[in-house]
Amino acid sequence: MHIVCLFDHSMVTRPPRHPLPLRPTTSQLSEPYPGYIGGFPQHDPILLNRTLTTIPRRPVRKKRQRTNVRLLQSILYQSSFYFFILVIAALLVGSAWGLGEQAWKTGDARRWNIAILVAAYVALGISAIIHLWSRLISIKRIIRTMPKPYMPTKQIDVPKRVADHIMTQYSRTAVIAHISQATKGEQEGWGRPGSKWENQHFRTYILGTLPTMMHALRCTPGPPLSLDPLFVAADEIKDSGAIRLFVNSYANLINKARFSGTEPDESDAVACDKIVDVVLLTWVC
1 MHIVCLFDHS MVTRPPRHPL PLRPTTSQLS EPYPGYIGGF PQHDPILLNR TLTTIPRRPV
61 RKKRQRTNVR LLQSILYQSS FYFFILVIAA LLVGSAWGLG EQAWKTGDAR RWNIAILVAA
121 YVALGISAII HLWSRLISIK RIIRTMPKPY MPTKQIDVPK RVADHIMTQY SRTAVIAHIS
181 QATKGEQEGW GRPGSKWENQ HFRTYILGTL PTMMHALRCT PGPPLSLDPL FVAADEIKDS
241 GAIRLFVNSY ANLINKARFS GTEPDESDAV ACDKIVDVVL LTWVC
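Each residue of the sequence shown is one higher than the one before, counting from 1 in UniProt numbering.
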């Protein structure tokens, strides 16, 4: 009795974490047991029930009935079209044969009657050909006026599920295309399209002016990355110190193009271009 009380107390204070057996028996598999579907344990029955209730059930019978009805309508439409074409052709041939036979038996006026009959049928054939040709031309014009990216997204063109699928995929494609577009009109470190600096890399352009500047100031050869020959050549020029200011600004632009983490912009390239032009036109000429 004491053992039973201890067992009851433990069951009250500490409820079992798994109320379902980990391995159900054969009888449990055959009976509807909560938490098991097809004999496999489900760790979250509530989530499973929500998932099962949210799965839409496809009306298979209605879909088959609609398919059968559409197939029957298509067969009737095509067969009736060709049937009436054959009926009209048979009536035309029969009427031509009957009228021709009657005109042949009219005696002296049979030649005129046959000529009138042939002319009437020729006029009928010509009018039919003209009407058919006009219809073909009008259809071609309608097709040409239709927009090229036209898609049958309406329910009158395709079934509702197909239209919804097309619209979903079209929306996804539009979002991806919008995200992939550039947010700015220019790329960092490159010239704007349609401007003087189009397809021009500013860092490469600024560094490319260094040999021209060294030759303009007649600098003595020095280390490859050293700018001291520029300063020495600027100090040798006897002026009020303006050339020294230009050389200092040019050296800052060269160092930025060489070592800066950010790309030079169009203003840096314009400033470098102006400095080189001023040096070439003022102190060289």
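For every residue, glycine included, the Cβ atom is placed at its ideal position computed from N, Cα and C.
Neighbourhood of Ile114 by C-beta distance below 6 Å, restricted to the same chain and skipping five residues each side: Ala103
Per-residue burial, Trp197 [other beta carbons within 10 Å of its own, 16 or more giving buried]: buried
DSSP beta-bridge partners of Lys191: Note on identity: in this sequence residue 191 is Gly, with Lys being the wrong assignment. According to DSSP, which records beta bridges pairwise, Gly191 is partnered with Glu198.
Three-way DSSP call (helix, strand, coil) for Gly100 in this model: helix
Given Ala251 as reference, the closest of Leu281, Glu236, Pro211, Val175 once Cα atoms are compared: Pro211
Whole-angstrom C-beta distance between Leu117 and Leu99, which should lie under 8 Å: 5 Å
Under 8 Å between C-beta atoms of Leu253 and Cys272: yes
CA-to-CA distance, Ile176 to Ser80, given in whole angstroms: 47 Å
Sequence-distant residues of the same chain with beta carbon closer than 8 Å to Gly222, five excluded per side: Asp228, Pro229
Proximity of Gly189 and His178 at Cβ, strictly below 8 Å: no
As assigned by DSSP and simplified to three states, the class of Glu263: coil
Environment of Pro264 [buried if 16+ CB atoms lie within 10 Å]: buried
Close-in-space but distant-in-sequence residues of the same chain around Thr274 (CB under 6 Å, 5 per side omitted): In the sequence as displayed, the identity of residue 274 is Lys instead of Thr. Nothing listed; no residue qualifies.
Secondary structure of Pro32, DSSP reduced to three states: Residue placement at Pro32 is poorly supported in this model, since its pLDDT is 44, which falls under 50; the coordinates are not used for a value here.
Helix, strand or coil at Asp239 [DSSP, three-state]: coil
Distance between beta carbons of Met213 and Val279, contact taken as under 8 Å: 7 Å
Nearest residue (CA-CA) to Cys219, options Lys160, Ile237, Ile206: Ile237
Run of the alpha helix (DSSP H) containing Pro211, from where it starts to where it stops: 210-216
Buried versus exposed, by CB contacts within 10 Å (16 or more), Ala174: exposed
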